[in-house]
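Asker: Per numbering that gives the first Met the number 0, the very first residue in the sequence shown carries number 0; after that it's consecutive.
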Amino acid sequence: MARQQAVAKIGAHAPATEAGDSASPGVSTQKAGRARDPAQTKRQAVASAESEAGPGGREDSAGSEKLGVKRDLEAVPSHAAHADSLCTVYSPSLDSNGEQATQSSDHSLISQRGSPESRETDGQLGREGPDACEAGAVSRGNEVLHDEDECRARRLRRTASVSSGSSGCALFSDEATDEGEEEDVLAAFVRRMGGTHVIRRILIANNGTAAVRCIRSMRHWAYEALGNSKALEFVVMATAADIDANAEFIAEADFYVEVPPGPNSNNYANLHLIVQTAETYECDAVWPGWGHASENHRLPAILQTLKRKTIWIGPSPQAMLALGDKIGSAVIAQSVNVPCVPWSGMDVTVDLTQVDPTKGLSQQTLAAACVQSAKDVLDCCAKIGYPVMIKASEGGGGKGIRRVTNAEEVADAYRQVVNEVKGSPVFVMRMVSDCRHLEVQLLADKSGRCVSLGSRDCSIQRRCQKIIEEGPVVAAPPEVVSQMEDAACRMAMAVGYENAGTCEFLYDPKSHQFAFLEVNARLQVEHVVTECVGDFNLPAAQLQVAMGILIDDIPDIKAYLDSAASNKPVGKHIIAARITAEHAEESFRPTVGLVHELTFRPSRFVWGYFSIGSKGNIHAFNDAQFGHLFAHGKDRREAVKHMVLALKDMTIRGELRTNVEALIKILEHPDFVANETHTTWLEQKVNFSSDSNDVSPVLLLGVLLAAVFESYTHFRESEEAFVKRVEQGQLPPSIAVSYESCLVYRSTKFTLQCTYGGQNTVCVALNDSSTTVHIRRITSAGAGGSGAEQRDGGFLVRGGIDGKSRKVYYKEDSTGLRVSFDGTTYTFTKESDPTQVRPPVSGKLVRWLVANEQQVVKGQSYAEIEIMKMYMQLHVEASGKLMHAMSEGAVFQAGDLLATLELPPGVTVPKATPFQGRFPSSTLSTCEEHPRTRKLAKLALQREEHQRRQRMLNPLPAYRTSREQLVNALDGYQIPRADEDEAIACFFECILNPMLPISEAKEVLAVIDSQLPEPLTSRLRSILADAEARAVAAFGLDEEPAARLSTAS
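#1: Please work out which residues of its chain come closer than 7 Å, Cβ to Cβ, to L185, disregarding the five sequence neighbours upstream and downstream, and give them in chain order.
#2: Check whether the Cβ atoms of A240 and F620 sit closer than 8 Å, and answer yes or no.
#3: Could you give the C-beta distance for V524 and W289, rounded to a whole number, given that I count them as a contact under 8 Å?
#4: Among the candidates E585, E407, E257 and G399, whose CA atom is the shortest distance from the CA of P386?
#5: Could you give the distance in angstroms between the alpha-carbon of T579 and the alpha-carbon of R461?
#6: Between E1027 and the rest of its own chain, which residues show a CB-CB distance below 6 Å, the 5 nearest in sequence each way excluded?
#7: Give me, in chain order, the residues of the same chain whose beta-carbon lies closer than 8 Å to that of A558; leave out the 5 immediate sequence neighbours on both sides.
#8: Would DSSP call V532 helix, strand or coil?
#9: Around the Cβ of A13, are there at least 16 other Cβ atoms within 10 angstroms (buried) or fewer (exposed)?
#10: Tell me the DSSP bridge mates of E468?
#11: Which stretch, first to last residue, makes up the alpha helix (DSSP H) that contains Q683?
#12: Name, in chain order, the residues that DSSP records as bridge partners for N616.
#13: Pull up the CB-CB distance for D456 and V472, whole angstroms please, since I reckon it's below 8 Å.
#14: What's the gap between the Cα of A487 and the Cα of Q353?
#15: Would you kindly work out how many angstroms separate the C-alpha atoms of L108 and N616, rounded to a whole number?
#16: Hey, R654 and G592 are a contact pair by Cβ (cut 8 Å); roughly how many whole angstroms apart?
#17: Excluding the 5 residues flanking K803 on each side, which residues of the same chain have their C-beta closer than 7 Å to its C-beta?
#18: By the 10 Å Cβ neighbour count, where 16 or more other Cβ atoms means buried, how is T1049 classified, buried or exposed?
#19: Taking the alpha carbon of K614 as the point to measure from, which residue in N245, I1007 and N227 has its own alpha carbon closest?
#20: Taking the beta carbon of D324 as the centre, do at least 16 other beta carbons fall within 10 Å, making it buried, or is it exposed?
#21: With DSSP run on the structure shown, which of helix, strand or coil describes G97?
#22: Who are the Cβ neighbours of V527 in its own chain at under 6 Å, not counting the five residues just before and after it?
#23: Do E247 and F609 count as a contact pair if the criterion is CB distance below 8 Å?
#24: What residues are listed by DSSP as bridge partners for W342?
#25: Bridge partners of N519, per DSSP?
#26: Which of helix, strand or coil does DSSP assign to M885?
#27: Compute the Euclidean distance between the alpha carbons of E581 and G888, then round it to the nearest angstrom.
#28: Quick one, which of V347, V494 and H219 has its alpha-carbon nearest L322's?
#29: Whose C-alpha, out of G793, R577, D283 and A412, is nearest the C-alpha of M869?
#30: Counting C-beta neighbours from all protein chains within 10 Å, is the total for S166 16 or more, i.e. buried, or is it exposed?
#31: Is it buried or exposed for Y222, if we count other Cβ within 10 angstroms and need 16 for buried?
#32: Quick one: Cα of A1032 to Cα of R950, how far?
#33: With H, G and I counted as helix, E and B as strand and the rest as coil, what does DSSP make of M871?
#34: Going by other Cβ atoms of all chains shown within 10 Å of its Cβ, with 16 needed for buried, is P554 buried or exposed?
#35: Opposite A862 in the DSSP bridges: which residues?
#36: Please list the terminal residues of the continuous alpha helix (DSSP H) segment that includes H291.
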């Protein structure tokens, strides 16, 4: 212990004086220009300290007494009750030997502080801090200066006080090293802005897009305000799944801490783990983001009890409990005369003049507004009527919320809400139909001032979760928006709210009335919409408010408030779209899997950010959202157009499904364009999965592309098997040249006959129609082998129904074959067997809703599963006796056998209806798109004649194509007889054409003309031109098509 105390006093004790040097108690100086060995200096200092250390150590305060600064240089444990100086030593963790590691709590050392693994070097002598300055020695890199005037100036620039009652978050930096320049800049900034705390290292208690957004926003602010984007340090938590998924936020951070895998209760919502990480990594503050533990008031309450100050970048726990809690906020809203919808606590009010804002509402008041069981829900519904929403007060992002339309749904919905947000209070509110979801962005500081930073419209939702947001609000009159902003600020100030928050309202466009919905005591995902409208940085504003800086001292916020006060028109509109891993055709079912390619092309009108990149992964414990796009325009219509173009230009491929196609369909819908939507509009008006059996030309193109992939894969595998057998000296099997592809889309079955027409050619026949397709695999840039190529999954396809070339991506798994092309995706399956019950998605079996060997009817829910922290139910496709194949709690993959279904006697399995149609011809498909059939037919005839004339003038391409087809036929490839006949006719037509040798000679000359003398080149060109003129005249190719046709007749 004496040794530890001695080491702690190194910074306090100056090196031993040399002969002739003058010294005063507690201060040691050294002659200018005399070098001192650092190792020797350290040994002498340690020896001096050890000689003075007694049972309680000894304090040397003579120098500090002259400055009026209290100094406590003794090594004290981390649980000291108070710290009166920047120099207070604390011990936040154990060193590698299991002993307490003694370090300075001065946060100006954070750039050198490093991770816990690097702390052993932090205690070395080369890191003199303020104590060395007190002793008259200023450390600058490896140079030791002894300029008393410089020390005195440095002391004058230093404050002697820190935030009360804590040893952390020092206001100013005493570090004089070059590495500490950024700390000095940050401390000076906080002092200049009137702040009270310096925050240098921040723990982000979140992952995914939230963590990415925080780091980038705060680094951007640090560069703009301080000139150094690395002035702030970020610590993130990451599970093994996040690391394996190549999560973007891990690369953005300075330190990452691997945390236990599984649900967020094991990691990002684990309060003990968050606090422990903050202490271990000496974090000055914790930023919660959204979701996880962001609305758990117990987390900031625990942080307040720590002896080392760790600031919560958010509202106080008391304000969170009162206003951030969905139940308490509704009670407060009623108490300040803000209209509310009927709910379980509609009769509960409080006298806010009798409520201490620092303590919030009493537990008795909150409990009176809650429901404790499904029976309580039924009683409440009988009072307020159906439909209702059952909500968890700590839920959010679509979790912990269920809509109930009748009494039969109450028990299941209540259980799902309780399980999704465990331990959260639950309440019930009447569901308001055909309303808009409007929000007000709030920001409050320590002085009690609360301001509105703008409004948002978040009415486009599925499963009560937003997918499209916009701002500012244009669906309500300005006076109504102003009333909502005033109501939101009143509520916040009533409970002493501080930092950022969002107040949500329901708005009835018909009556122009609004009602309070809830307050989110945190930053929301869609806060960027308000940022873009007001041109400010909300995460940076959160940080500055947490540092104690007032709203009027935050420049970009002040500029927005001044502009809003002058009633200047905004002059722009913002549209935001969330990119999620969901299958819109199946009621936005969450999906998981690898991301092979993610390509987003930002422009001056659209930008965005993603939590993963190419070769990333969305695992079962991720949020469904992994990206967010923002488009702006001078008005709403222009912003929508920019967003649609960006979505169409974006590429996301992989094992998962995304909502990109659904977003485009929503944005182009007439109701959305006219701004005539509401919170249930998406579910009522937009159908992403038509039940119609009509087969469109686009679907037929998808069928063709799927058949080409299946057959081409089969042919190539047959060739590889043949070669492998020959190399092994075995009798090889015959190479397959034909394949029957059977594809089922919904209830329609397509049977196609495919033949191998060449190395990269497949001929496909559907009933009495056929077409030929050329296909080549796309190799990824930098792909190192066949494995990388197969993972890319992309093919370049040319020909087919419309003759166009396009990129096509395929994904084959246990659920079927997925084909993506031209922004459209189709999933084809084999004929399903209803006796085998298989899930369409990976997840965890929470519980069986039907007992083993019990009867079920078609469409009945048979199991409840957990995926992406949400609960959903699976339904059977036929009636019969259900027999379990898995136990509750089992983890399964998509397509695994969950149960078997024994059909009733005499019941036959329904078969898919065979498709009797044919491929559309290019002329037919064109005619279908245009009503003037005769004119289009005439144009098609003219186009065909033009192509024939071009073939006569330059027969070389047609000659090579027909020759290749005939060679393929001789090599054993199977070519349809009609194609063979056509190839033979074209071949002889080309070789009898006198333009063939001329075309070939012109092609050769074009390659070598730059290497020949100019006179010779000119002579050759003249000869070829004369030959071409005679050939054209002989064949009559200089005549117009109509004249030649009349002459021939």
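Think of the CB as a built atom: it goes at the ideal place given N, C-alpha and C, for glycine as much as any other residue.
Answerer: Reading it off the structure:
#1: Translated into positions along the sequence shown, residue 185 becomes position 186. Once the five neighbours on either side are set aside, the close Cβ partners of L185 are V197, R199, L225 and A230.
#2: Residue mapping note: residue 240 aligns to position 241 of the sequence shown, counting from 1. Residue mapping note: residue 620 aligns to position 621 of the sequence shown, counting from 1. A contact, by the Cβ cut-off of 8 Å.
#3: As a position in the sequence shown, residue 524 is number 525, starting the count at 1. As a position in the sequence shown, residue 289 is number 290, starting the count at 1. Contact flag correct, Cβ pair sits at about 6 Å.
#4: Against the sequence shown, residue 386 aligns to sequence position 387. Considering only alpha carbons, the answer is E407.
#5: Numbered from 1 along the sequence shown, position 580 holds the residue referred to as residue 579. Numbered from 1 along the sequence shown, position 462 holds the residue referred to as residue 461. If I take the Cα positions, the gap works out to 12 Å.
#6: Sequence index remark: in the sequence shown, residue 1027 carries index 1028 (1-based). Once the five neighbours on either side are set aside, the close Cβ partners of E1027 are I997.
#7: Here the question's residue 558 lines up with position 559 in the sequence shown. Cβ neighbours of A558 beyond the five flanking positions: D534 and F535.
#8: By one-based count along the sequence shown, residue 532 stands at place 533. V532: helix per DSSP, three-state reduction.
#9: The residue given as residue 13 occupies position 14 in the sequence shown. Low local confidence applies: a pLDDT of 36 at A13 is under 50, so the model's placement there is unreliable, and no value is given.
#10: Here the question's residue 468 lines up with position 469 in the sequence shown. The partner list for E468 (beta bridge, DSSP) reads A575.
#11: Here the question's residue 683 lines up with position 684 in the sequence shown. From DSSP, the alpha helix (DSSP H) with Q683 extends over W680 to K684.
#12: The residue given as residue 616 occupies position 617 in the sequence shown. For N616, which the question treats as bridged, DSSP gives the partners L593.
#13: Working through the sequence shown from its first residue, we reach residue 456 at position 457. Working through the sequence shown from its first residue, we reach residue 472 at position 473. That pair is a contact at about 5 Å.
#14: The sequence position of residue 487 within the sequence shown is 488, counting from 1. The sequence position of residue 353 within the sequence shown is 354, counting from 1. Taking the straight line from one Cα to the other gives about 20 Å.
#15: Along the sequence shown, read from residue 1 onward, the residue named residue 108 stands at position 109. Along the sequence shown, read from residue 1 onward, the residue named residue 616 stands at position 617. Confidence at L108 is low in this model, with a pLDDT of 30, below 50, so the placement of that residue is unreliable and no value is reported for it.
#16: Here residue 654 refers to the residue found at position 655 of the sequence shown. Here residue 592 refers to the residue found at position 593 of the sequence shown. Sequence check: residue 654 is Glu here, not Arg. Indeed they touch by this definition, with Cβ atoms about 3 Å apart.
#17: Locating residue 803 in the sequence shown gives position 804, counting from the first residue. Around K803: no qualifying Cβ.
#18: Nothing in the structure corresponds to residue 1049, since the chain is present only between 0 and 1048.
#19: Indexing the sequence shown from 1 puts residue 614 at position 615. Out of N245, I1007 and N227, N245 has the C-alpha closest to the C-alpha of K614.
#20: The residue given as residue 324 occupies position 325 in the sequence shown. When all chains shown are included, D324 counts as buried.
#21: Here residue 97 refers to the residue found at position 98 of the sequence shown. In this prediction, G97 has a pLDDT of 38, which is less than 50 and means its spatial position is unreliable; what the coordinates show is noted afterwards. Three-state result, G97: coil.
#22: Numbered from 1 along the sequence shown, position 528 holds the residue referred to as residue 527. Taken in chain order, the residues that qualify are F629.
#23: Here residue 609 is taken as the residue at index 610 of the sequence shown, counted from 1. Here residue 247 is taken as the residue at index 248 of the sequence shown, counted from 1. Cβ atoms of F609 and E247: closer than 8 Å.
#24: Taking the first residue of the sequence shown as position 1, residue 342 is located at position 343. M428.
#25: Here residue 519 refers to the residue found at position 520 of the sequence shown. N519 pairs with T501.
#26: Working through the sequence shown from its first residue, we reach residue 885 at position 886. The answer is coil: DSSP assigns M885 none of H, G, I, E or B.
#27: As a working mapping, residue 581 is identified with position 582 in the sequence shown. As a working mapping, residue 888 is identified with position 889 in the sequence shown. For E581 and G888, the distance between alpha carbons rounds to 23 Å.
#28: As a first step, residue 322 must be located in the sequence shown, where it is residue number 323. Of the candidates V347, V494 and H219, the one whose C-alpha sits nearest the C-alpha of L322 is V494.
#29: Indexing the sequence shown from 1 puts residue 869 at position 870. Nearest C-alpha to M869: A412.
#30: Here residue 166 refers to the residue found at position 167 when the sequence shown is read from its first residue. For S166, the predicted model reports a pLDDT of 44, less than 50, meaning its position is unreliable and no value from the coordinates is stated.
#31: Your numbering for residue 222 matches position 223 in the sequence shown. It counts as exposed.
#32: Here residue 1032 refers to the residue found at position 1033 when the sequence shown is read from its first residue. Here residue 950 refers to the residue found at position 951 when the sequence shown is read from its first residue. So the alpha carbons of these two residues sit roughly 16 Å apart.
#33: The residue you call residue 871 lines up with position 872 of the sequence shown. Residue state, collapsed to three classes: strand.
#34: Along the sequence shown, read from residue 1 onward, the residue named residue 554 stands at position 555. Answer is exposed; the Cβ neighbour count stays below 16.
#35: For this step, residue 862 is matched to residue 863 along the sequence shown. In DSSP, A862 forms a bridge with W847 and L873.
#36: Here the question's residue 291 lines up with position 292 in the sequence shown. Taken as a continuous stretch (DSSP letters only), H291 belongs to no alpha helix (DSSP H), as it is neither H nor E.
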